[in-house]
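Visitor: Let me give you the structure first, and then I'll get to my questions.
There are 2 protein chains.
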Amino acid sequence: METTWEKQLRTAGLRVTRPRLSVLGVLAEHPHVDADTIATAARTVHPSISPQAVYGVLKALIGSGIARRIEPAGGPALYELRVGDNHHHHLVCRECGLIADVDCVVGQAPCLQPSDAAGFAVDEAEVVFWGLCAGCQVARRTHVHGTNSAIEEGVTA
Amino acid sequence: METTWEKQLRTAGLRVTRPRLSVLGVLAEHPHVDADTIATAARTVHPSISPQAVYGVLKALIGSGIARRIEPAGGPALYELRVGDNHHHHLVCRECGLIADVDCVVGQAPCLQPSDAAGFAVDEAEVVFWGLCAGCQVARRTHVHGTNSAIEEGVTA
DNA sequence: CCTGCTTTTTTGACTCAGTCAAATCAAGAG
DNA sequence: CTCTTGATTTGACTGAGTCAAAAAAGCAGG
Numbered sequence: 001m002e003t004t005w006e007k008q009l010r011t012a013g014l015r016v017t018r019p020r021l022s023v024l025g026v027l028a029e030h031p032h033v034d035a036d037t038i039a040t041a042a043r044t045v046h047p048s049i050s051p052q053a054v055y056g057v058l059k060a061l062i063g064s065g066i067a068r069r070i071e072p073a074g075g076p077a078l079y080e081l082r083v084g085d086n087h088h089h090h091l092v093c094r095e096c097g098l099i100a101d102v103d104c105v106v107g108q109a110p111c112l113q114p115s116d117a118a119g120f121a122v123d124e125a126e127v128v129f130w131g132l133c134a135g136c137q138v139a140r141r142t143h144v145h146g147t148n149s150a151i152e153e154g155v156t157a
Numbered sequence: 001m002e003t004t005w006e007k008q009l010r011t012a013g014l015r016v017t018r019p020r021l022s023v024l025g026v027l028a029e030h031p032h033v034d035a036d037t038i039a040t041a042a043r044t045v046h047p048s049i050s051p052q053a054v055y056g057v058l059k060a061l062i063g064s065g066i067a068r069r070i071e072p073a074g075g076p077a078l079y080e081l082r083v084g085d086n087h088h089h090h091l092v093c094r095e096c097g098l099i100a101d102v103d104c105v106v107g108q109a110p111c112l113q114p115s116d117a118a119g120f121a122v123d124e125a126e127v128v129f130w131g132l133c134a135g136c137q138v139a140r141r142t143h144v145h146g147t148n149s150a151i152e153e154g155v156t157a
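Structure (structure tokens):
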């Protein structure tokens, strides 16, 4: 497994270093993490890693397409490994920040091409679905006695 | 025109104040502005307005649905007036940050509902189209002599 | 196995966007 | 006009991330 990462790094023309391997290890275990969590987790494997090194590693990984950066509104940036070419989108929980992956909707849904592109040369469509994760729906029904009609009426796009 | 804003504020249960009216004025003139630009522009009308007042006003406007906040990756948050109910999405230029509105794709495109919602109760789908605006396409062709094949091959969603 | 060049990492200062809390001030109800 | 409540100002502070110089480590050639 570790050999795979080494190969990936070398293929990308990057040197194989301890900080890089430990960051890759963290990314492989946690699907969507912020830089600070990566630093903390990586420190269990490589105690001397500095926060800036994490940013540096992530920048290198992103630059060579090994990792991807997503920036949900209202929170720090999150990083994920890009395994293969499976481009996907994200479901974000408004309450707890939990993120789930959703398969790319293009294919069944070529409608993502904007109808009027206003002269733009569009090269990527980014979709974020906002809502409540299963756990937070339960928590809300338990503690609050209001309705959650707004949530369940459907999607506003 | 100003009376309209006063009415909107009062309807929302908000007091009509000079900072609020000047921020509304700026928002009406500029479709997508960041907080700092709003502060600078508002100062031409109301010189003593503080940056924090701008944040306060925006928070109030957003809380009552008069304005909307968007947070494109890699830049400060932008604010726009929400006229009527026309929910729309955004085209963002990778080069210059220019933003254009795109009509909501739901209606012709009910496919925005994720196929597998992983137990989430989804209440909003947010779409951002990334690319190059017309101006930056011209600028790039003029100054760089490489290809821009990646850009024009189509949308990756 | 060394040597030396180059890329990474470390260290530490710094920026930018935004928040928080206490004190002052103004809107507008009565 | 006065009083109460809500809004703004002032000023300190946080969190996320960048930048640059110095130290350290990777790895290619001998």
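So the sequence lines, in the order shown, correspond to chains R and L. For what it's worth, the UniProt record's numbering labels the leading residue of the first sequence as 1, then goes sequentially. For what it's worth, the UniProt record's numbering labels the leading residue of the second sequence as 1, then goes sequentially. Quick reminder that beta carbons are idealized off the backbone N, C-alpha and C, glycines included.
Measure from the alpha carbon of Phe120(L) to the alpha carbon of each residue in Glu124(R), Gly135(R) and Val127(R), then state which is nearest.
Guide: Start at 1 with the first residue of the second sequence, and residue 120(L) comes out as number 120. Among Glu124(R), Gly135(R) and Val127(R), the Cα nearest to that of Phe120(L) belongs to Gly135(R).
Visitor: Which class does Glu29(R) belong to by DSSP, given the choice of helix, strand or coil?
Guide: Here residue 29(R) corresponds to residue number 29 of the first sequence, with the count starting at 1. Three-state result, Glu29(R): helix.
Visitor: Report yes or no: is there a C-beta of chain L within less than 9 Å of the C-beta of Arg69(R)?
Guide: Taking the first sequence and counting its residues from 1, one reaches residue 69(R) at position 69. Chain L contact via Cβ: present.
Visitor: Applying the criterion that 16 or more other CB atoms from any shown protein chain within 10 Å of the CB defines a buried residue, is Ala35(L) buried or exposed?
Guide: As a first step, residue 35(L) is located in the second sequence; it is residue number 35 there, counting from the start. When all chains shown are included, Ala35(L) counts as buried.
Visitor: Can you grab the Cα-Cα spacing for the pair Gly74(R) / Leu14(L), in whole Å?
Guide: Residue 74(R) sits at position 74 when you count from the first residue of the first sequence. Residue 14(L) sits at position 14 when you count from the first residue of the second sequence. The alpha-carbon atoms of Gly74(R) and Leu14(L) are separated by roughly 25 Å.
Visitor: Which parts of the stretch 24 to 81 of chain L are runs of the alpha helix (DSSP H), unbroken and 4 residues or longer, counting only runs that do not cross its ends?
Guide: With a minimum length of 4 residues, the continuous alpha helix (DSSP H) runs that stay inside the stretch 24 to 81 of chain L are 35 to 43 and 51 to 63.
Visitor: Using a Cβ-Cβ cutoff of 8 Å, what residues of the stretch 115 to 138 of chain R are near chain L? List them in chain order.
Guide: Cβ contacts with chain L come from Ser115, Asp116, Ala117, Ala118, Gly119, Phe120, Ala121, Val122, Asp123, Glu124, Ala125, Glu126, Val127, Val128, Phe129, Trp130, Gly131, Leu132, Cys133, Ala134 and Gln137.
Visitor: Would the beta-carbon of His32(L) be found less than 8 Å away from any heavy atom of the ligand PLP?
Guide: You won't find the ligand PLP in this model; it holds no ligand whatsoever.
Visitor: Which residues of chain L have a Cβ atom closer than 8 Å to the Cβ of Cys93(R), listed in chain order?
Guide: Within the first sequence, residue 93(R) is the residue found at index 93, counting from 1. The contacting residues are Phe120.
Visitor: Would DSSP call Gly135(L) helix, strand or coil?
Guide: In the second sequence, the residue the question calls residue 135(L) occupies position 135. The answer is helix: DSSP assigns Gly135(L) an H, G or I state.
Visitor: Measuring CB to CB, does Ile99(L) end up less than 9 Å from Leu78(L)?
Guide: Taking the second sequence and counting its residues from 1, one reaches residue 99(L) at position 99. Taking the second sequence and counting its residues from 1, one reaches residue 78(L) at position 78. Going by C-beta atoms, Ile99(L) is nearer than 9 Å to Leu78(L).
Visitor: Helix, strand or coil: how does DSSP classify Leu9(R) here?
Guide: For the purposes of this step, residue 9(R) is identified with residue 9 of the first sequence, where counting begins at 1. Residue state, collapsed to three classes: helix.
Visitor: Could you tell me whether any Cβ in chain L is nearer than 9 Å to the Cβ of Val102(R)?
Guide: For the purposes of this step, residue 102(R) is taken as residue 102 along the first sequence, with counting starting at 1. Yes - at least one Cβ of chain L is within 9 Å of the one on Val102(R).
Visitor: Look at the alpha carbon of Gln52(L) and the alpha carbon of Leu24(L), and state the distance between them as a whole number of angstroms.
Guide: In the second sequence, counting from the first residue as 1, residue 52(L) sits at position 52. In the second sequence, counting from the first residue as 1, residue 24(L) sits at position 24. About 16 Å.
Visitor: Once the 5 residues before and after Ala139(L) are set aside, which same chain residues still bring their CB inside 8 Å of it?
Guide: Start at 1 with the first residue of the second sequence, and residue 139(L) comes out as number 139. Glu95, listed in sequence order.
Visitor: Closer than 7 Å by C-beta to Trp130(L): which residues in its own chain qualify, once you throw out the five before and the five after it? Chain order, please.
Guide: The residue you call residue 130(L) lines up with position 130 of the second sequence. So the list reads Val92 and Arg94, once near-sequence residues are dropped.
Visitor: Give a yes or no on whether the C-beta atoms belonging to Leu81(L) and Ala28(L) are separated by under 9 Å.
Guide: For the purposes of this step, residue 81(L) is identified with residue 81 of the second sequence, where counting begins at 1. For the purposes of this step, residue 28(L) is identified with residue 28 of the second sequence, where counting begins at 1. Yes; because the gap between Cβ atoms is below 9 Å, this pair is in contact.
Visitor: Report the rounded CA-to-CA distance for Pro47(L) versus Arg10(L), giving the unit in angstroms.
Guide: Position 47 of the second sequence holds residue 47(L). Position 10 of the second sequence holds residue 10(L). Each residue's Cα considered, the two are about 24 Å apart.
Visitor: Answer yes or no: do Pro19(L) and Val54(L) have a C-beta to C-beta separation smaller than 9 Å?
Guide: For the purposes of this step, residue 19(L) is taken as residue 19 along the second sequence, with counting starting at 1. For the purposes of this step, residue 54(L) is taken as residue 54 along the second sequence, with counting starting at 1. Taking 9 Å as the Cβ cut-off, Pro19(L) and Val54(L) qualify as a contacting pair.
Visitor: So that I know if they touch, is there some Cβ in chain R lying closer than 9 Å to that of Gly56(L)?
Guide: As a working mapping, residue 56(L) is identified with position 56 in the second sequence. Not one chain R Cβ lies under 9 Å of Gly56(L).
Visitor: For residue 177(L) and Leu132(R), I'd like the C-alpha separation in whole angstroms.
Guide: For chain L, the structure presents residues 1 to 157; residue 177(L) sits outside this window and is missing.
Visitor: By how many angstroms is the C-alpha of Ile66(R) removed from the C-alpha of Val5(R)?
Guide: By one-based count along the first sequence, residue 5(R) stands at place 5. By one-based count along the first sequence, residue 66(R) stands at place 66. The sequence shown places Trp at residue 5(R), rather than the Val named in the question. Computed Cα separation, rounded: 10 Å.
Visitor: In the DSSP assignment, find the beta strand (DSSP E) that holds His89(R) and state where it starts and stops.
Guide: Taking the first sequence and counting its residues from 1, the one referred to as residue 89(R) is at position 89. That run of the beta strand (DSSP E) goes His88 to Cys93.
Visitor: Suppose you measure from the CA of Ala69(L) to the CA of His90(L); what does that come to, to the nearest Å?
Guide: Locating residue 69(L) in the second sequence gives position 69, where the first residue counts as 1. Locating residue 90(L) in the second sequence gives position 90, where the first residue counts as 1. A small correction: the amino acid at residue 69(L) is Arg; Ala does not occupy that position in the sequence shown. The alpha-carbon atoms of Arg69(L) and His90(L) are separated by roughly 12 Å.
Visitor: Buried or exposed: where does Val83(R) fall if 16 or more other Cβ atoms within 10 Å of its Cβ makes it buried?
Guide: One-based indexing of the first sequence puts residue 83(R) at position 83. So Val83(R) ends up on the exposed side.
Visitor: Which residues share a DSSP beta bridge with Asp101(R)?
Guide: For this step, residue 101(R) is matched to residue 101 along the first sequence. Per DSSP, His90(R).
Visitor: For Val83(R), list the residues DSSP reports as bridge partners.
Guide: Mapped onto the first sequence, residue 83(R) falls at position 83. Its beta-bridge partners do not exist; DSSP assigns none.
Visitor: By the 7 Å beta-carbon criterion, what residues does the stretch 6 to 24 of chain R contribute toward chain L?
Guide: Residues: none.
Visitor: Looking only at DSSP bridge pairs, what is Ala121(L) linked to?
Guide: On the second sequence, position 121 is the one that residue 121(L) refers to. DSSP, once it has assigned bridges, lists Leu132(R) as partnering Ala121(L).
Visitor: From Val128(L) to Pro31(L), what distance separates their C-alpha atoms?
Guide: Mapped onto the second sequence, residue 128(L) falls at position 128. Mapped onto the second sequence, residue 31(L) falls at position 31. Rounded to whole angstroms, Val128(L) to Pro31(L) spans 16 Å at the Cα level.
Visitor: Taking a contact to mean a Cβ-Cβ separation below 9 Å, would you say Glu71(R) touches Glu126(L) in this structure?
Guide: By one-based count along the first sequence, residue 71(R) stands at place 71. By one-based count along the second sequence, residue 126(L) stands at place 126. It is not a contact, given that the beta carbons lie outside the stated cut-off.
Visitor: Using the DSSP secondary-structure output, state which residues sit across from Val127(L) in a beta bridge.
Guide: By one-based count along the second sequence, residue 127(L) stands at place 127. The partner list for Val127(L) (beta bridge, DSSP) reads Val127(R).
Visitor: Please list, in chain order, the chain L residues whose beta carbon lies closer than 7 Å to that of Ala73(R).
Guide: Here residue 73(R) corresponds to residue number 73 of the first sequence, with the count starting at 1. Neighbours of Ala73(R) on chain L, chain order: Glu71.
Visitor: Go ahead and label Ser22(R) buried or exposed: buried means 16 or more other beta carbons lie within 10 angstroms of its beta carbon, across all protein chains shown.
Guide: Residue 22(R) sits at position 22 when you count from the first residue of the first sequence. The residue in question, Ser22(R), is buried, as its Cβ has 16 or more Cβ neighbours within 10 Å.
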